[in-house]
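Quick note, the sequence shown lines up with residues 15 to 120 if you use my numbering.
Here's the structure we're looking at; comments come further down.
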Amino acid sequence: MVKDSNLSLAKKCTNYIQNNITKKLTVTEIAAELNCSTSSLVHQFKNEYHLTISTYIKNQKIEAAKYMLKNSAINISEIAYSLAYNDPNYFMKVFKNNTGITPKTY
């Protein structure tokens with residue numbers, strides 16, 4: 015098992031995002047939780063994963079939504095709120111832009 019202290023900052027960031035996917039996440043908050051500067055976190059994350067932290071968060075929220083849509087009876091609005099989207103219509107727009115289909119079609 016890899017100790018947390020041996021994980022890269024970018025990997026610690028992905029772990030934090032996964033463990034807090036139901037919250038509204040900001041890069042500033044994540045950096046504070048990981049005791050690092052926002053700029054170093056952004057730089058290291060981009061170097062390791064070749065995408066921005068906000069894009070990664072959005073992608074992970076969409077993956078979580080897809081899982082919930084397939085494996086639960088939770089309605090779309092409840093899924094949106096459970097993933098910290100304040101507006102279900104905005105969530106549906108983000109979902110469609112990311113997947114090419116609406117949550118209802120999925």
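Think of the CB as a built atom: it goes at the ideal place given N, C-alpha and C, for glycine as much as any other residue.
Sequence-distant residues of its chain with Cβ nearer than 7 Å to K60 (five each side left out):
So the list reads T66, once near-sequence residues are dropped.
Nearest residue (CA-CA) to F105, options I76, K84 and N85:
I76
At the level of alpha carbons, what is the spacing between N29 and Y120?
27 Å
Coil, strand or helix - T42 by DSSP:
Helix.
Helix, strand or coil for K110, going by three-state DSSP, please let me know.
helix
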